[in-house]
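Peer 1: End of the sequence shown = 233 in this note's numbering, gap-free, step of one.
Glycine residues also receive a C-beta, built at the ideal position from the N, C-alpha and C atoms.
Once you've had a glance at the structure underneath, I'll fire off some questions.
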Amino acid sequence: MTRDYKIAFSQKALANEEKRSAGRDPGSWPREILPIALASTSVMSTAELAAWAQVGKNSISRLTAHFGIKELTGNAKNHRFSVHEVMRKIIGVAPRTADEMQALLKPLQKATWVSGITGMSTSAINAAICENRLLLPAPLELTRAGFGQAAPRGRRWIPAQLDAYLLGAPVPFLPQEAPPDSSKSPPPTVPGNVFAAICTGNARASLHRQL
């Protein structure tokens, strides 16, 4: 493929995207995110929780164990969980109104979605998180990663928070900050490990989302 052809191809792709985007709400690009439809208004099945968290069904047992979410009913293949407990344990807040419930039932999104609506590359987003300089609303960490490891695959964003931030509105559904416990000392860093030192601050900042 020649250089001139590459330029022409890129310009054509951009023109096609602009044509498709004409008349659409910028906040809905690259696609409109709809709330998941629950069979029960107050209970999530295994499949519904997997669809909401954007994880595989086989990962649900690890996810619920990680956040301490109790199983209500169901067999081994299709457990059921309280919607409010899922929201409270994973997000840090529970919906108080029907509108809040619908906003929070929109599936959590990965870095690729954030990249699509902000124009930042996924590598730039992950680097900004690691270095504690991301200006966007902080993601949820559905899994833990040790020092020096790559960005966790369990990193997810709440669509309503990104939408509000990009519109210049107050960011909703922020968990309440717990008062610092003076009896606990900060975790030690590994001497000489620069990557660990950089990521420690970000890990502490997002710790409240994992409790």
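(1) Mind listing, in chain order, the continuous alpha helix (DSSP H) runs of no fewer than 4 residues lying wholly within the stretch 99-163?
(2) If distances are taken between C-alpha atoms only, which option among 81, 124, 109, 62 comes closest to residue 95?
(3) Take residue 126 and list the residues in its own chain whose beta-carbon comes closer than 6 Å to its own, dropping the five residues that flank it on each side.
(4) Quick one: what does DSSP say residue 68 is sitting in, helix, strand or coil?
(5) Indicate whether residue 64 and residue 105 have their beta-carbon atoms separated by less than 7 Å.
(6) Give the straight-line distance between the Cα atoms of residue 100 and residue 128, rounded to the nearest whole angstrom.
(7) Around the Cβ of residue 164, are there at least 16 other Cβ atoms within 10 angstroms (buried) or fewer (exposed)?
(8) How is residue 95 classed by DSSP in three states: helix, strand or coil?
(9) If you run the structure through DSSP and keep just helix, strand and coil, what is residue 166?
(10) Looking at the structure shown, is residue 178 part of a helix, part of a strand, or coil, going by DSSP?
(11) Who are the near neighbours of residue 67 in its chain, counting only those whose CB is closer than 6 Å to its CB and skipping five residues on each side?
(12) When the distance is taken between beta carbons, is residue 179 closer than 7 Å to residue 192?
(13) Work out the CA separation of residue 57 and residue 155 for me, nearest whole Å.
(14) CA-CA distance, residue 140 and residue 84?
(15) Buried or exposed: residue 183, going by 16 or more other Cβ atoms within 10 Å of its Cβ?
(16) Considering just the uninterrupted stretch of the alpha helix (DSSP H) at residue 59, what are its terminal residues?
(17) What residues in its chain sit with their C-beta under 6 Å from that of residue 93, if we drop five residues either side in the sequence?
(18) Using 10 angstroms around the beta-carbon of residue 190, count the other beta-carbons present and answer buried if the total reaches 16, otherwise exposed.
(19) Please report how far the alpha carbon of residue 185 lies from the alpha carbon of residue 80, in whole angstroms.
(20) Taking only the alpha-carbon atoms, compute the straight-line gap between residue 111 and residue 86 and give it to the nearest angstrom.
Peer 2: Well, looking at it:
(1) Counting whole runs of 4 or more residues, the stretch 99-163 contains the alpha helix (DSSP H) stretches 105-112, 120-126, 133-140, 144-152.
(2) For the options 81, 124, 109, 62, the alpha carbon positioned closest to that of residue 95 is the one of 62.
(3) Answer for residue 126: 109, 117, listed in chain order.
(4) Helix, per DSSP.
(5) Taking 7 Å as the Cβ cut-off, residue 64 and residue 105 qualify as a contacting pair.
(6) Spanning the two alpha carbons is a distance of roughly 21 Å.
(7) Residue 164 should be labelled buried.
(8) Note: residue 95 maps to strand in three-state DSSP.
(9) Residue 166 falls in the coil class under three-state DSSP.
(10) Strand at residue 178.
(11) Contacts found: 100, 102.
(12) Contact flag unset, no.
(13) In a straight line, the C-alpha of residue 155 is about 30 Å away from that of residue 57.
(14) Straight through space, the alpha carbons of residue 84 and residue 140 are spaced by roughly 31 Å.
(15) Answer is buried; the Cβ neighbour count reaches 16.
(16) That residue, residue 59, is in no alpha helix (DSSP H); it is neither H nor E in DSSP.
(17) These residues qualify, in order along the chain: 101.
(18) By the neighbour-count rule (16 or more Cβ atoms within 10 Å), residue 190 is not buried but exposed.
(19) Rounded to the nearest whole angstrom, the CA to CA distance from residue 185 to residue 80 is 30 Å.
(20) If you draw a straight line from the Cα of residue 111 to the Cα of residue 86, it is about 9 Å long.
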